[in-house]
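Here's the structure we're looking at; comments come further down.
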Amino acid sequence: MEQHKIYLTEQEVPRQWYNIAADIKPLLTPPLDPGTGQPMDPAKLRAIFPESLIEQEISDQRWIDIPEAVLDALLIYRPSPLLRARRLEQYLGTPARIYFKNESNSPSGSHKPNTAIPQAYYNKQAGVKRLTTETGAGQWGSALAFATKHFGLECTVYMVRRSYEQKPFRKSMMNMYGAKLIPSPSDQTAAGRAILAAMPDTPGSLGIAISEAVEDALNHDDARYALGSVLNHVMLHQTIIGLETKKQMAKAGIKPDVLVACAGGGSNFAGLVFPFVPDKLAGAAIRMVAVEPAACPSMTKGVYAYDFGDTGKLTPLMKMYTLGHDFIPPGIHAGGLRYHGMSPLVSALLQAKIIEATARTQLACFEAALLFAQLEGIVPAPESSHAIVAAIDEALKAKKEGQAKDITFLLSGHGHFDMSAYDAYLSGELSDYEYPAEAVAESLKKLPQV
Ligand SMILES: *Cc1c(COP(=O)(O)O)cnc(C)c1O
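Position 92 (the sequence shown) corresponds to 96 in my numbering; numbering is contiguous.
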């Protein structure tokens with residue numbers, strides 16, 4: 005009998021994270037100090053991050069132990085199931101098998117607690133009292149609010165104004181977990197005040213909110229900053245997704261042909277695919293496809309260059325695919341994908357052609373989300389719908405070629421807090437955004453000279 009739901013026991017949950025840095029050393033680029041243009045002195049990061057996370061950020065050790073207390077918290081919702089989307093396959097009439105790793109069952113509804121939990125833990129161990137952060141769609145803010153409450157820390161969340169207005173119930177959730185919320189840009193920080201003075205009606209962006217959260221942490225000794233994506237240690241924590249997936253595939257005899265995930269800062273994509281990269285480097289024919297929004301296409305339209313991670317230029321320079329640090333993406337509903345840059349590790353793999361990138365428009369994503377909800381019953385996050393539409397395209401390609409491929413996508417989260425977006429789609433009020441070519445060109449002119 006074919007198996008359609010592949011589960012692991014709690015004992016089978018991985019006890020170590022996989023650090024891809026060990027296997028792609030020639031591709032790595034150091035973060036640079038914007039003041040000197042020289043590789044960043046890790047000690048300088050101590051005002052923002054605890055030592056243990058800085059060590060993970062620069063580590064090239066292949067396997068890193070998951071602390072017992074972190075594992076215990078992860079087991080609140082892990083392991084997550086690998087499911088077969090049979091009704092979607094039948095609807096498409098494809099010989100391909102479509103699987104999805106479902107990360108929407110976590111407390112806050114996405115993959116983000118996989119890193120929020122260890123980040124809160126390591127900060128608590130280091131004696132930090134409060135974490136500051138940014139949030140776009142609200143997924144990261146609610147994950148960190150949950151994790152900080154779990155380990156007894158305070159949490160301040162700068163929420164992109166556009167999402168603050170679109171998603172009132174994400175705010176309620178963060179308030180329930182005990183976090184303090186500030187719409188960004190705000191008048192609480194110099195970075196926020198500067199943006200407000202120049203653009204009073206701005207919808208905000210992740211780049212701006214990061215500047216505000218970093219500034220808050222720099223100005224308070226007992227506070228540190230937590231980032232929900234982009235950085236190496238975040239990618240590391242998310243590998244628990246792909247490590248579980250590998251075990252599930254081995255159990256069910258699945259040989260993966262195509263892995264698909266959406267990409268904003270790159271963490272859910274990295275989480276799924278990084279553990280498979282050694283297999284690919286050893287010759288396995290696995291394609292790895294990152295899907296980004298056509299309105300914010302850092303990988304398919306950006307440049308591979310050193311840039312700031314934030315609009316206010318407070319972060320080190322990272323070599324990554326970028327649209328420019330002061331590019332403010334159009335207000336698409338997939339708020340978690342509205343980021344100008346991309347994880348340096350994911351960027352390096354793309355540059356080396358180990359992974360692929362593709363972009364999809366907002367309406368195509370919503371159409372796929374509706375189909376998935378009607379066939380498989382799950383309302384996906386608008387971010388995750390980028391992975392769904394690309395997985396559908398892969399399944400249709402397999403149909404044309406008459407090939408029974410195994411396609412696996414990552415359902416990074418559910419869309420239960422995105423109902424106003426789905427309402428707008430259903431009533432025909434949503435539209436596609438033109439790719440903002442001029443704004444990107446303008447922003448790319450301001451890349452730092454390295
Ligand atoms: C934050 C988020 C994303 C995008 O972030 P990545 O770091 O690229 O994973 C995607 N999907 C969901 C549901 C999210 O919450």
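Beta carbons are placed, not taken as given, at the ideal position from N, Cα and C, and that holds for glycine.
As the structure is a prediction and not an experimental result, all values here were calculated from the model.
C-alpha gap between Asp-436 and Gly-208, whole angstroms: Working through the sequence shown from its first residue, we reach residue 436 at position 432. Working through the sequence shown from its first residue, we reach residue 208 at position 204. So the two alpha carbons sit approximately 19 Å from each other.
Ser-389 CB to nearest heavy atom of ligand 1 below 7 Å: By 1-based counting over the sequence shown, the position of residue 389 is 385. False, no ligand heavy atom lies under 7 Å from that Cβ.
Residue ranges of each alpha helix (DSSP H) within the stretch 79-160, 4 or longer: 90-96, 117-129 and 143-155
For Gly-268, the nearest candidate out of Pro-301, Leu-367, Ala-289 and Glu-138 (CA to CA): If you number the sequence shown from 1, residue 268 lands on position 264. Checking every option, the nearest Cα to that of Gly-268 belongs to Pro-301.
Boundaries of the beta strand (DSSP E) in which Met-178 is found, first to last residue: Locating residue 178 in the sequence shown gives position 174, where the first residue counts as 1. Element bounds for Met-178: not the beta strand (DSSP E) but the alpha helix (DSSP H), 172-180.
Length of the line joining the Cα atoms of Leu-210 and Thr-362: Numbered from its first residue, the sequence shown carries residue 210 at position 206. Numbered from its first residue, the sequence shown carries residue 362 at position 358. Approximately 21 Å between the Cα atoms of the pair.
Ser-347 and Val-234 closer than 8 Å at C-beta: Here residue 347 is taken as the residue at index 343 of the sequence shown, counted from 1. Here residue 234 is taken as the residue at index 230 of the sequence shown, counted from 1. Yes, Cβ-Cβ distance for Ser-347 and Val-234 is below 8 Å.
Given Ala-394 as reference, the closest of Gly-406, Leu-415, Gln-407 and Leu-318 once Cα atoms are compared: Taking the sequence shown and counting its residues from 1, the one referred to as residue 394 is at position 390. For the residues Gly-406, Leu-415, Gln-407 and Leu-318, the minimum Cα distance to Ala-394 belongs to Leu-415.
Whole-angstrom distance between Leu-318 and Ala-221, CA atom to CA atom: As a working mapping, residue 221 is identified with position 217 in the sequence shown. As a working mapping, residue 318 is identified with position 314 in the sequence shown. Taking the straight line from one Cα to the other gives about 11 Å.
Endpoints, alpha helix (DSSP H) assigned at Met-44: Residue 44 sits at position 40 when you count from the first residue of the sequence shown. Premise fails: Met-44 is in no alpha helix (DSSP H) and is neither H nor E.
Distance cut-off 7 Å: Cys-159 Cβ against heavy atoms of ligand 1: One-based indexing of the sequence shown puts residue 159 at position 155. Cys-159: no, Cβ never under 7 Å from ligand 1.
Environment of His-241 [buried if 16+ CB atoms lie within 10 Å]: The residue labelled residue 241 in the question sits at position 237 within the sequence shown. So His-241 counts as buried.
Val-132 and Arg-228 closer than 8 Å at C-beta: The sequence position of residue 132 within the sequence shown is 128, counting from 1. The sequence position of residue 228 within the sequence shown is 224, counting from 1. Cβ distance < 8 Å, so Val-132 and Arg-228 count as in contact.
Within the stretch 210-235, ranges of the alpha helix (DSSP H) (whole runs, at least 4 residues): 210-222
Buried or exposed (CB count within 10 angstroms, at least 16 for buried), Glu-14: In the sequence shown, counting from the first residue as 1, residue 14 sits at position 10. Glu-14 should be labelled exposed.
Member of Trp-21, Ala-425, Gln-170 and Leu-96 whose CA lies at the smallest distance from the CA of Lys-401: Along the sequence shown, read from residue 1 onward, the residue named residue 401 stands at position 397. Considering only alpha carbons, the answer is Leu-96.
Own chain, CB closer than 8 Å to Ser-431, minus 5 neighbours either side, in chain order: As a working note, residue 431 is residue 427 in the sequence shown. Nothing meets the Cβ criterion.
Contact test: Ser-209 Cβ vs ligand 1 heavy atom, cutoff 7 Å: Position 205 of the sequence shown holds residue 209. Result no, Cβ not under 7 Å from ligand 1.
Three-way DSSP call (helix, strand, coil) for Tyr-168 in this model: Locating residue 168 in the sequence shown gives position 164, counting from the first residue. Three-state result, Tyr-168: helix.
Contact set for Leu-455: own chain, Cβ-Cβ below 7 Å, skip 5 residues either direction: This structure does not reach residue 455, given that the chain is present from 5 up to 454, and the question cannot be answered.
Collapsed DSSP secondary structure at Pro-297 in the structure displayed: Locating residue 297 in the sequence shown gives position 293, counting from the first residue. Residue state, collapsed to three classes: strand.
Cβ-heavy atom distance, Asn-127 to ligand 2, below 7 Å: Annotation note on ligand 2: not contained in the displayed structure, which lists ligand 1 as its ligands.
Ile-68: first and last residue of the uninterrupted alpha helix (DSSP H) it sits in: As a working mapping, residue 68 is identified with position 64 in the sequence shown. First-last for Ile-68: 67-69, but that is the beta strand (DSSP E), not the alpha helix (DSSP H).
CB-CB length for Ile-121 against Leu-78, believed under 8 Å: By one-based count along the sequence shown, residue 121 stands at place 117. By one-based count along the sequence shown, residue 78 stands at place 74. Right, their Cβ atoms sit about 6 Å apart.
Nearest-angstrom Cα separation, counted from Phe-376 out to Phe-413: Stepping through the sequence shown from its first residue, residue 413 is reached at position 409. Stepping through the sequence shown from its first residue, residue 376 is reached at position 372. In a straight line, the C-alpha of Phe-413 is about 12 Å away from that of Phe-376.
In chain order, each alpha helix (DSSP H) run of at least 4 residues that lies wholly inside the stretch 348-424: 348-355, 366-380 and 388-405
DSSP bridge partner residues for Met-292 (one or two, in chain order): Along the sequence shown, one-based indexing puts residue 292 at 288. Leu-263.
Per-residue burial, Ala-141 [other beta carbons within 10 Å of its own, 16 or more giving buried]: Reading the sequence shown from its first residue, position 137 is the one you call residue 141. That one is buried.
Lys-184 CB to nearest heavy atom of ligand 1 below 7 Å: Against the sequence shown, residue 184 aligns to sequence position 180. It does not: the Cβ of Lys-184 is nowhere closer than 7 Å to a heavy atom of ligand 1.
Simplified DSSP state of Ile-52, which is helix, strand or coil: Within the sequence shown, numbered from 1, the residue matching residue 52 stands at position 48. Note: Ile-52 maps to coil in three-state DSSP.
Thr-326 - DSSP class collapsed to helix/strand/coil: As a first step, residue 326 must be located in the sequence shown, where it is residue number 322. Three-state DSSP puts Thr-326 in a strand.
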